[in-house]
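First comes the structure, then the notes that go with it.
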Amino acid sequence: MVIFRVSAQHAALNDGQFDYNSWIPNGSLLLCEPPPTTKGQSSMQTLLEVLPNVGDTVKIVSAVWTLSDKYTDVVPLGTYPEEHFDEPALKQMIKEFQAELSYLSEEITARNSQLKIPYPYLNPAVIDNSVTI
1 MVIFRVSAQH
11 AALNDGQFDY
21 NSWIPNGSLL
31 LCEPPPTTKG
41 QSSMQTLLEV
51 LPNVGDTVKI
61 VSAVWTLSDK
71 YTDVVPLGTY
81 PEEHFDEPAL
91 KQMIKEFQAE
101 LSYLSEEITA
111 RNSQLKIPYP
121 YLNPAVIDNS
131 VTI
C-alpha cells in the first residue's frame with residue numbers, strides 16, 4: 001500500500017495535471033463567482049464570469065505545467081541504479097517485482113492503444129521511483 005501511494009497514486013494525481021487542467025473550463029483551480037445552481041440557466045456570459053481572468057489563468061497553467069513537468073533524471077518505478085541488497089532472496093524479489101511491472105506496463109500500453117484518449121499515468125514505465133516534483 002505504501003509503495004502504491006508514493007508511486008502510482010502520486011503519478012496518477014500529479015502527472016496529468018497539465019493535460020487536464022490547462023484547458024481552464026475543464027478543471028479550473030479558481031472560480032470567481034459561485035457556480036450555477038439551476039440547470040439550463042447558464043450562458044456564455046455567466047460561464048465567462050465564473051472563470052478566472054487571463055492573469056490568473058496564466059498563473060494556474062504555469063503552476064500545473066511546473067507540477068507535471070518530467071525531469072531528465074527520472075528513475076522509473078522498480079529501477080534501482082544503486083545496489084543496496086546482496087541477499088539472493090531480496091534480489092529475486094526485486095526481479096519478480098520488475099517482471100510484474102513489465103507485464104502491467106505491456107497490458108496498460110495495449111489497452112491505451114485502443115482508447116481515443118489514453119490514460120498513461122498508471123503505466124509503470126512512466127511512474128517515477130520517487131515522489132520528487
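Residue 1 is where the sequence shown starts when you use UniProt numbering, and the numbers rise one by one after that. Positions of the beta carbon are idealized from the N, C-alpha and C atoms, including for glycine.
Within the UniProt domain "Lipoxygenase" (1–133), the alpha helix (DSSP H) runs of at least 4 residues that lie entirely inside it are, in chain order, 10–14, 17–21, 24–27, 44–50, 54–68 and 88–113. Annotated as distal: residue 130 and residue 58, with beta-carbon spacing of 8 Å or more. With fewer than 16 other Cβ atoms inside 10 Å of its own Cβ, residue 2 counts as exposed. One alpha carbon belongs to residue 39, the other to residue 121, and they sit about 33 Å apart.
Linking residue 85 to residue 98 through their CA atoms gives a straight-line distance of about 15 Å.
At a Cβ-Cβ threshold of 8 Å, residue 50 and residue 29 do not count as neighbours. Between residue 54 and residue 22, the gap from beta carbon to beta carbon reaches 8 Å or more.
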